[in-house]
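In my numbering, the protein residues as written are 92 to 412.
Yeah, the Cβ is synthetic: ideal placement off N, Cα and C, and Gly gets one too.
Accompanying notes for the structure given below.
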């Protein structure tokens, strides 16, 4: 394993709000060897305390969402597990809404493509670091021969999901709209952490921050394998403009007499549309039946319909009549 000069982190023990997760990862790596970035993400995002927190919230909701409840931990110790679960409660909104999908990071080297793993720093016993695998791993099979980037993040789980969606659409119809931070096979090194809406070192205090990586829409397009048609990705700014967000904002502003409400509407619009915020960072990507789009793939349906299919909302500017 070769060390890489990428980000690594060590949180002081007295300030670490979740030492149990770091201890768990250190023990795991020391016992079984370096782990992939995908495994690290799964451990940090779906650790036992988080899952237990979800269980307690589920039971609280089933019991009627009482405004007060007691969480009691019986047994020896200092209440560490309960403290972990309480921290999960504060983060649970994002846990319940987001589908966390892990990525593998692969780097081009003189010896070929090598996957990036996470290991314990031999010089600092409670610090994690990035290392390169000494030989090939299965993640390298997802790299295209014509790939020009030096660092690639691959997500087999996302490919499986898209293939299932494509099969369902091919067999029964329907459509899928995927929206996320992403790119069309052009970006590198998008794996990052956020804590309190601020960037956070991905290897510092694992389990306390959200870990994410941008979607590679070119990979999703390859995984479709011709079963369905696809559109995009297009920037959120363009998609929402095509959907008539400007006209919608005008109607809302015309009917808003409260200055504070008008300001909220304008701030929300700016967050969604500003290129420096979400306007050019968030992208939309659609999966549709082949007959939904005009073109060569639609010729098999030419005997059934002489007219072109209607435009796909969001991906073309609609004419409101």
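| message | Buried or exposed for residue 175, going by 16 or more other Cβ atoms inside 10 Å? | response | Within the chain shown, the letter at position 84 stands for residue 175. Label assigned to residue 175: buried.
| What do you reckon, are the CB atoms on residue 310 and residue 209 nearer than 8 Å? | Indexing the chain shown from 1 puts residue 310 at position 219. Indexing the chain shown from 1 puts residue 209 at position 118. Cβ atoms of residue 310 and residue 209: not closer than 8 Å.
| message | Rounded to whole angstroms, what is the Cα-Cα separation between residue 406 and residue 374? | response | As a working note, residue 406 is residue 315 in the chain shown. As a working note, residue 374 is residue 283 in the chain shown. If you take the alpha carbons of residue 406 and residue 374, they lie about 11 Å apart.
| Exposure of residue 237, with buried meaning 16 or more beta-carbon neighbours within 10 Å | Locating residue 237 in the chain shown gives position 146, where the first residue counts as 1. Exposed, since its Cβ has fewer than 16 Cβ neighbours within 10 Å.
| task | Compute the Euclidean distance between the alpha carbons of residue 136 and residue 299, then round it to the nearest angstrom. | result | The residue you call residue 136 lines up with position 45 of the chain shown. The residue you call residue 299 lines up with position 208 of the chain shown. Each residue's alpha carbon lies about 9 Å from the other.
| Since residue 313 is in the beta strand (DSSP E), which residue starts that stretch and which ends it? | Counting from 1 along the chain shown, the entry for residue 313 is found at position 222. That residue, residue 313, is in no beta strand (DSSP E); its alpha helix (DSSP H) goes 308-315.
| query | Once you ignore the five residues that flank residue 401 on each side, which residues in its own chain have a CB closer than 6 Å to its CB? | reply | Stepping through the chain shown from its first residue, residue 401 is reached at position 310. No residues qualify anywhere along the chain.
| Looking at C-beta atoms only, is the number of pairs between the region 253-262 and the region 316-334 that lie closer than 8 Å three or more? | yes
| What distance in whole Å lies between the Cβ atoms of residue 269 and residue 376, which are believed to be in contact at a cut-off of 8 Å? | Your numbering for residue 376 matches position 285 in the chain shown. Your numbering for residue 269 matches position 178 in the chain shown. Contact holds; Cβ gap of about 4 Å.
| query | According to DSSP, is residue 160 helix, strand or coil? | reply | As a working note, residue 160 is residue 69 in the chain shown. Three-state result, residue 160: coil.
| task | May I ask you to report which of helix, strand or coil DSSP gives residue 119? | result | The residue you call residue 119 lines up with position 28 of the chain shown. Correct three-state label for residue 119: helix.
| task | Could you tell me which uninterrupted beta strand (DSSP E) segments, each at least 3 residues in length, are contained entirely in the region 200-286, listed from first to last along the chain? | result | 203-211, 219-223, 242-245, 267-274 and 283-286
| Around the C-beta of residue 358, are 16 or more other C-beta atoms found within 10 angstroms, so that it is buried, or is it exposed? | As a working note, residue 358 is residue 267 in the chain shown. Residue 358 is exposed by the Cβ-count criterion.
| task | Could you please give me the residues that DSSP links to residue 196 through a beta bridge? | result | By 1-based counting over the chain shown, the position of residue 196 is 105. 244.
| query | Would you call the CB atoms of residue 284 and residue 293 closer than 8 Å? | reply | On the chain shown, position 193 is the one that residue 284 refers to. On the chain shown, position 202 is the one that residue 293 refers to. Result yes, Cβ atoms of residue 284 and residue 293 sit closer than 8 Å.
| field | CA-to-CA distance, residue 384 to residue 222, given in whole angstroms | value | As a working mapping, residue 222 is identified with position 131 in the chain shown. As a working mapping, residue 384 is identified with position 293 in the chain shown. Taking the straight line joining both Cα atoms gives about 46 Å.
| field | DSSP three-state assignment for residue 291, whether helix, strand or coil | value | In the chain shown, the residue the question calls residue 291 occupies position 200. Strand.
| task | State yes or no: is the C-beta of residue 324 within less than 8 Å of the C-beta of residue 248? | result | Along the chain shown, read from residue 1 onward, the residue named residue 324 stands at position 233. Along the chain shown, read from residue 1 onward, the residue named residue 248 stands at position 157. The answer is no: Cβ separation not under 8 Å.
| Do the region 225-233 and the region 333-346 make contact, defined as three or more Cβ pairs closer than 8 Å? | no
| said: Check this for me: beta carbons of residue 177 and residue 297, under 8 Å apart or not? | reply: For the purposes of this step, residue 177 is taken as residue 86 along the chain shown, with counting starting at 1. For the purposes of this step, residue 297 is taken as residue 206 along the chain shown, with counting starting at 1. Not in contact: residue 177 and residue 297 (Cβ atoms no closer than 8 Å).
| query | Between residue 120 and residue 197, is the Cβ-Cβ spacing less than 8 Å? | reply | Sequence index remark: in the chain shown, residue 120 carries index 29 (1-based). Sequence index remark: in the chain shown, residue 197 carries index 106 (1-based). No, they are not a contact pair.
| Does the distance from the C-beta atom of residue 328 to that of residue 262 stay below 8 Å? | Position 237 of the chain shown, counted from the start, is the residue given in the question as residue 328. Position 171 of the chain shown, counted from the start, is the residue given in the question as residue 262. Contact: no.
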